[in-house]
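First the structure, in the form of structure tokens, and then the observations on it.
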Amino acid sequence: MMTETTPAKPKGPFDGLLVIDLTHVLNGPFGTTILTDLGARTIKIEPPGHGDDTRTYGPYVGDQSLYFSFVNRGKESIVLNLKDEGDRAIFLEMVRKADVLAENFRPGVMDRLGFNYEELAKINPRLIYASSSGFGQTGPLAHYPAYDTIVQAMSGIMMATGFPDGPPTRVGGTSLSDLCGGVFMFCGIASALYARERTGKGAHIDVSMFDGTLAFLQHALMCWSATGKAPARIGNRHPYMAPFDVFQAQDKPFVICCGNDHLFKALCDVIGAPELATDPRFVENHDRMANNDALKAALEKALSKQPAAHWLDVIHKAGVPVGPLLDVAEAANLPQTAARNMLIKSGGVMMPGNPVKISGYDDPHERPGAPKLDEQGAALRKEFAAPEAK
């Protein structure tokens, strides 16, 4: 007797899309990994020798670089020397069949190889050609070398991060500027693919880590726009709302965020300090901002009477936004993380899942791992051999 089975969901909205990935290190590979997670076939072209530099970066699990694996899972790898005529011919066959080409070399490198957008568009007018670099393809800093920390330093975000009595601080736990560049590269590719459906034509996308970081600055740029001055470092508090900060309880700190006067009154009531809501220094948000230090001291005096777990419970039940301070291990073990499938297995290693959830498409808990260097090289050379070589 036949049993009815549920048809498998499609891999993702980009299933059938062919991406030729010349990106390396972090910002470009992060953008093409989003495409890969959403179903695209991504062929990573690596240089002879050790391939992508990140294959030599730690941390390692066995002989596997997690730095490389986190942003290259599910891709295919082929080693090509783009200065060798035979390998150039294979590359051009890939371009003829590709939907997307992504690269994050310093501006000018693809020109010198003879593979700039104008040349490749001649053989594939539908090609979406994405370039991501430190400062973009134009402007006086176009050729300036850039790593994440350089861009964080030059964008203003380091000067705005930290406490007033501390030094400028790089955003911790992540290479923010690299990832901004990768996210905006993905946005540009998706936008250009949508436009191609209407026009039939490809496009050149020019994304920079510097531009992406500026776009993420938000409060700091608001302050400069309003006052003409760069903002001072203010630590964890919000620049325009109070109380909106880290607060010390009896045993440890936690976070409270009151975005309006109603929430502030509810907070005062539930922590047993209703008088603070009517104190002339704290009645409205602009009053609280002007007297933020006094407000924080008054709140922490009340909060010192109970441990953080107590306050997290009662403040949450009162409808006031509140949250614990967690380290990475604690965040990874939250039930919410599991419920959203945000820790997956790839190549036998735990890594972040795909944050883009789209109805009708699968979001597997296990995904293919990152390829070994040139792992699919022989098969890809056969698949994309020039016609005269077949």
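Each residue of the sequence shown is one higher than the one before, starting from 22 at the first, in this note's numbering. Don't be surprised by glycine CBs; every beta carbon is placed ideally from N, CA and C. The structure displayed is predicted, hence computed values, not measured ones.
- Taking all protein chains shown into account, ILE41 has 16 or more neighbouring C-beta atoms within 10 Å of its C-beta and is therefore buried.
- Judged by DSSP in its simplified three-state form, ILE149 adopts strand.
- Taking PHE184 as the centre and dropping the five residues before and after it, the same chain places the C-beta of ARG254 and GLY256 closer than 7 Å to its C-beta, in chain order.
- Secondary structure of SER196 (DSSP, three-state): coil.
- With 16 or more other CB atoms across the displayed protein chains lying within 10 angstroms of its CB, PRO392 is buried.
- Only residues of its own chain outside the window of five on either side were considered, and among them ALA339, GLY340 and VAL341 have a CB closer than 7 Å to the CB of ALA287, listed in chain order.
- Cβ contact annotation for TYR81 (same chain, cutoff 8 Å, sequence separation greater than five): LEU87, in chain order.
- Taking C-beta separations shorter than 8 Å and ignoring five residues to either side along the sequence, the partners of LEU197 in its chain run ASP169, GLN173, ILE178, THR234 and PHE237, following chain order.
- For PHE275, the enclosing beta strand (DSSP E) begins and ends at 274 to 278.
- According to the DSSP assignment, SER246 belongs to the alpha helix (DSSP H) that extends over 240 to 248.
- For HIS45, the closest alpha carbon among the candidates ILE64, GLY37 and GLU114 is that of ILE64.
- MET206 places its beta carbon less than 8 Å from that of ALA151.
- Around the beta carbon of ALA352, fewer than 16 other beta carbons lie within 10 angstroms, which makes this residue exposed.
- Taking every protein chain shown into account, the CB of ARG309 has 16 or more other CB atoms within 10 angstroms, so this residue is buried.
- Unbroken beta strand (DSSP E) runs of no fewer than 3 residues, entirely contained in the segment 330 to 406, are found at 343 to 345, 364 to 367 and 370 to 373, following chain order.
- Here the segment 95 to 104 makes contact with the segment 389 to 409; the two share three or more CB pairs at distances below 8 Å.
- When the Cα atoms are used, PRO345 and PHE275 turn out to be separated by approximately 5 Å.
- Boundaries around THR53 are those of the alpha helix (DSSP H), 48 to 58, since no beta strand (DSSP E) includes it.
- Around HIS164, the same chain offers ARG127, PRO128 and GLY129 as residues with beta carbons nearer than 7 Å, after the five sequence neighbours per side are excluded.
- Under the three-state reduction of DSSP, THR190 is assigned to coil, being neither helix nor strand.
- Under the three-state reduction of DSSP output, THR182 falls in the coil class, being neither helix nor strand.
- With contact defined as three or more Cβ pairs closer than 8 Å, the segment 98 to 111 and the segment 52 to 66 are in contact.
- Boundaries of the alpha helix (DSSP H) around HIS307: 306 to 311.
- When only Cα atoms are considered, PRO301 and HIS307 end up about 11 Å apart.
- Measuring C-alpha to C-alpha distances from LYS222 to each of VAL121, VAL192 and GLY83 identifies VAL121 as the nearest.
- When only Cα atoms are considered, GLY160 and THR53 end up about 25 Å apart.
- In this structure, GLY374 lies near ASN362, with their beta-carbon atoms less than 8 Å apart.
- The three-state reading of DSSP puts LYS143 in helix, counting H, G and I together.
- Judged by beta-carbon spacing, GLN85 lies beyond the 8 Å limit of GLY398, meaning their Cβ atoms are not closer than that value.
- Excluding five sequence positions before and after ASP74, the CB atoms of its chain that fall closer than 8 Å to its own CB belong to HIS45 and VAL46, given in chain order.
- Approximately 4 Å separates the beta-carbon atoms of GLU114 and PHE405; this is inside 8 Å, confirming the contact.
- For ILE171, the enclosing alpha helix (DSSP H) starts and ends at 169 to 176.
- Secondary structure at SER90: helix, using DSSP grouped into helix, strand and coil.
- Secondary structure note for THR234: its alpha helix (DSSP H) is the uninterrupted segment 230 to 237.
- Inclusion of VAL228 and GLY249 in the CB contact set at 8 Å is not warranted, their separation being larger than that value.
- Of the residues VAL204, GLY203, GLY202 and MET175, the one whose Cα lies closest to the Cα of ARG191 is MET175.
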